[in-house]
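Going by the working numbering, 173 is the number at position 81 of the sequence shown; the sequence numbering is gapless.
Right, one structure below, let's go through it.
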Amino acid sequence: MLLEPPETHEGQDVFDDEFIQVPVIARVVGGHKGRRDDYKGDVESIIRVAPSIPVSALQGIEAFSHVEVTWHFSLGSDADIELEPRSPRDNPDWPATGGLAHRNHRRPARIATSFPRLLRVEGRDLHVVDLDADDGTPVIDLAPVFGEMLPRGPMHQPEWPTDMLRNYWKSAKDRPHP
């Protein structure tokens, strides 16, 4: 049985609040600079936690191998948002898919989630590798990766993401120069 979402909640239209306010709790320092589609691997960067967050909030995080970082595509703009079906990276070899079937800065909230490896913690600085956010990127959430919270059951996807992301995590030092 499919459930229909309520049109109202406690007498209000459920879409009255079109925006939420989310604090920036950290910034990315170092790492990638500028929008690039591929060769994001093996780059070290720092997630520097904001002074408004107590250092004690990080206690115990060093025991985890990876962190889940939710960040904002701050280099994008509302003009970049594209919800109508289009071919990923404008490649006609890949099928046109709607904006919510993509993982990029053209989504309405321009938010991404990455799972970099945690190298060490020094005060407010989390040193990580394989974070695909650019230098200066605002971080809006940070959590340890619990294996039990990863997707359950077999995963499947179309072939085009594998083809498109073939070079995504290749080492940045192997990036061809224009």
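Cβ atoms here follow ideal geometry from the backbone N, Cα and C, with glycine treated the same way.
Simplified DSSP state of L94, which is helix, strand or coil: Low per-residue confidence applies at L94: pLDDT is 49, beneath 50, and the placement is therefore not dependable, though the value from the model is reported in the following sentence. It is coil, neither helix nor strand.
For T205 and W163, the rounded distance between their alpha carbons: 6 Å
Where the beta strand (DSSP E) containing T205 begins and where it ends: 203-206
Distance between I203 and I112 (C-alpha atoms, nearest Å): 13 Å
N- and C-terminal bounds of the beta strand (DSSP E) containing T162: 159-164
Own chain residues within Cβ distance below 8 Å of E154, not counting five before or after: L210, R212, V213
Bridge partners - T254, DSSP secondary structure assignment: Beta-bridge pairing links T254 to no other residue.
Residues of its chain near N183, where Cβ-Cβ distance is below 8 Å and the 5 sequence neighbours each way are ignored: M256
P146 versus L175: straight-line alpha-carbon distance, rounded: 38 Å
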